[in-house]
Amino acid sequence: MEIILKEDIVNLGYKNDIVTVKSGYGRNYLIPTGKAVIASPSAKKMLAEDLKQRAHKLEKIKKDAEALAAKLEGVSLKIATKVSSTGTIFGSVGNIQIAEALAKLGHEVDRKIIVVKDAVKEVGEYKAIVKLHKEVSVEIPFEVVAEEA
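Per full-length UniProt numbering, the sequence shown starts with residue 1, numbered consecutively.
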């Protein structure tokens, strides 16, 4: 089933992309929640016309994403968490903690666009990817350290 996405969906696509999904996923989740519409020929024509009119706006959005990427380049984070005596974290470090650490440094980033590949359950160094735009993403190294009591 071909659909047109109305918003960015992680691991599927970005707004205004035409993607193919299983029909149950499209009919039972994406379309009823307003995240997508069926990609009929008329909807595709409307999308093409809309994209043509908004090309310069999309260019500005991409430039803003590149500017934010330039600011985030070279940023490294230190996240302090509660740790057991063996070096294992109580819980895990995820995109929420990374977004909070970036906010402390003055970079407001939505936690939904931060991707941490591996589960962070031990003290050490890791990398997170911030997907700012379809074509712009930044890799941010972060270190998990033990919280001092």
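Even for Gly, the Cβ is constructed at its ideal location relative to N, Cα and C.
Helix, strand or coil: which one does DSSP assign to residue i?
i, result
"K117", "coil"
"K63", "helix"
"S92", "strand"
"G24", "helix"
"E148", "coil"
Taking Cβ to Cβ, would you say residue i is nearer than 9 Å to residue j?
i, j, result
"V120", "I140", "no"
"L47", "I18", "yes"
"E148", "A36", "no"
"V75", "V123", "no"
"A136", "A65", "According to the sequence shown, residue 136 is Val rather than Ala. In contact: V136 and A65 (Cβ atoms closer than 9 Å)."
"I57", "G34", "Just to set this straight, residue 57 is Lys in the shown sequence, not Ile. Taking 9 Å as the Cβ cut-off, K57 and G34 do not qualify as a contacting pair."
"V145", "K78", "yes"
"K63", "H107", "no"
"N14", "K134", "In the sequence as presented, Asn is not what sits at residue 14; that position holds Tyr. Yes, the Cβ-Cβ distance between Y14 and K134 is below 9 Å."
"D50", "N16", "yes"
"I38", "G26", "yes"
Quick one: measure Cβ to Cβ for residue i and residue j, integer angstroms, because I've assumed they're closer than 8 Å.
i, j, result
"F142", "I96", "With 8 Å as the limit, F142 and I96 do not qualify as a contact, their Cβ atoms being about 13 Å apart."
"V138", "E73", "6 Å"
"V93", "L102", "At roughly 13 Å, the Cβ-Cβ gap does not stay under 8 Å, so V93 and L102 are not in contact."
Sort out for me which residues DSSP pairs residue i with in a bridge.
i, result
"S76", "Its beta-bridge partners do not exist; DSSP assigns none."
"E139", "I129"
"K102", "Reading off the sequence, residue 102 comes out as Leu, not Lys. L102 pairs with nothing; no bridge assigned."
"L5", "A36"
"I18", "I4"
"E122", "T88"
"V83", "I89"
Would you call the segment 128–137 in contact with the segment 105–120, where contact means no fewer than 3 C-beta pairs closer than 8 Å?
Yes: the two stretches touch, three or more of their Cβ pairs being nearer than 8 Å.
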